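Written out below as structure tokens is the structure these notes cover.
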DNA sequence: AAGTGATCATAA
DNA sequence: TTATGATCACTT
């Protein structure tokens, strides 16, 4: 039976234990345990289960730019799967401070901090299933392999150097093997500052790093 | 069906 | 506006 997580986690083992406590629950069951009601409007459900699972597992980062379980350095991500058991969506990692990203290095980047250790929670993501009936799968505590890390770093270095040198407008979602950059905004009218080719500031769309679903699919099928 | 661009909700 | 949580919707 699931318990509400109120105390900070002390170990990965404890996190796994809590994760097992929500495995197999439907979205409706999880919401009931938490005393929440499910949003009826599909457009208002985005992120709902992610937040609910955070509540259930007791994350500590809040809205800070840190992994969800701060003291353990673990990031929590839900991973919606389609009817074939493959990721239905890319995975958002972090927003990109376009004017200051060049001050970061891969190993000290926000992106790496969130990718070096991830608790993946697969969830049923097919729109054929009623939202309330979709279930939570078995969590996977994961770190990138050496090969994964090399490719992630290569992507990150390429993408951030394009941002820093004013090639923002050349970046679309097709750039990057595992990582990609896509808009991350309230809507098309949202703007923030970035650099142009001559180092001047331009108004542009806020962006974020995402993991391609081909990559998350690979990591998921690699579990034992 | 997959990939890319656009958008929804909420807190501080 | 920033961050958090993502999925929707259109194009290919």
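Numbering (my numbering), first residue to last: 1 to 224.
The beta-carbon is built from N, C-alpha and C at its ideal position, and this holds for glycine as well.
Since we're looking at a predicted model, the values are computed, not measured.
Rounded C-alpha distance that separates residue i from residue j
i, j, result
"residue 220", "residue 179", "16 Å"
"residue 53", "residue 62", "13 Å"
"residue 124", "residue 75", "20 Å"
"residue 206", "residue 99", "11 Å"
"residue 51", "residue 82", "20 Å"
"residue 36", "residue 20", "20 Å"
"residue 38", "residue 110", "31 Å"
"residue 296", "residue 209", "Lying outside 1 to 224, the shown extent of the chain, residue 296 is not represented and no answer is given."
"residue 23", "residue 55", "15 Å"
"residue 126", "residue 48", "15 Å"
"residue 105", "residue 33", "42 Å"
"residue 25", "residue 84", "20 Å"
"residue 108", "residue 30", "35 Å"
"residue 103", "residue 222", "34 Å"
"residue 15", "residue 122", "16 Å"
"residue 190", "residue 164", "21 Å"
"residue 201", "residue 162", "15 Å"
"residue 188", "residue 13", "43 Å"
"residue 130", "residue 195", "44 Å"
Environment of residue i [buried if 16+ CB atoms lie within 10 Å]
i, result
"residue 144", "buried"
"residue 77", "buried"
"residue 224", "Bear in mind that the predicted position of residue 224 carries a pLDDT of just 42, short of 50, making it too unreliable to give a figure here."
"residue 213", "buried"
"residue 193", "exposed"
"residue 197", "exposed"
"residue 128", "exposed"
"residue 186", "exposed"
"residue 203", "exposed"
Own chain residues within Cβ distance below 7 Å of residue i, not counting five before or after
i, result
"residue 159", "171, 175, 176, 179 and 181"
"residue 216", "79, 87 and 91"
"residue 142", "118, 120 and 219"
"residue 211", "90, 91, 93, 178 and 179"
"residue 169", "none"
"residue 97", "none"
Residues of its chain near residue i, where Cβ-Cβ distance is below 6 Å and the 5 sequence neighbours each way are ignored
i, result
"residue 28", "132"
"residue 173", "180 and 182"
"residue 70", "60 and 61"
"residue 73", "67 and 117"
"residue 65", "110"
Other residues of its chain near residue i: CB distance less than 8 Å, five sequence neighbours each side excluded
i, result
"residue 199", "166"
Practice task
Evaluate contact between the region 98-115 and the region 146-160, counting only Cβ atoms and requiring at least three cross-stretch pairs below 8 Å.
Solution key: yes
Exercise for the section: Count the CB pairs spanning the region 153-168 and the region 133-143 that are closer than 8 Å, and state whether there are at least three. Expected result: no
Practice task
Count the C-beta pairs between the region 39-47 and the region 87-103 that are closer than 8 Å, then say yes if the count reaches three, no if not.
Solution key: no
Practice task
Evaluate the contact criterion for the region 56-75 versus the region 9-16: three or more CB pairs, one atom per stretch, below 8 Å.
Solution key: yes
Exercise for the section: Return the chain-ordered ranges of every alpha helix (DSSP H) run that is complete within the region 136-221 and spans a minimum of 4 residues. Expected result: 146-164 and 213-221
Practice task
Quick one: which unbroken beta strand (DSSP E) runs of 3-plus residues sit fully inside the region 76-101? Chain order, please.
Solution key: 91-95
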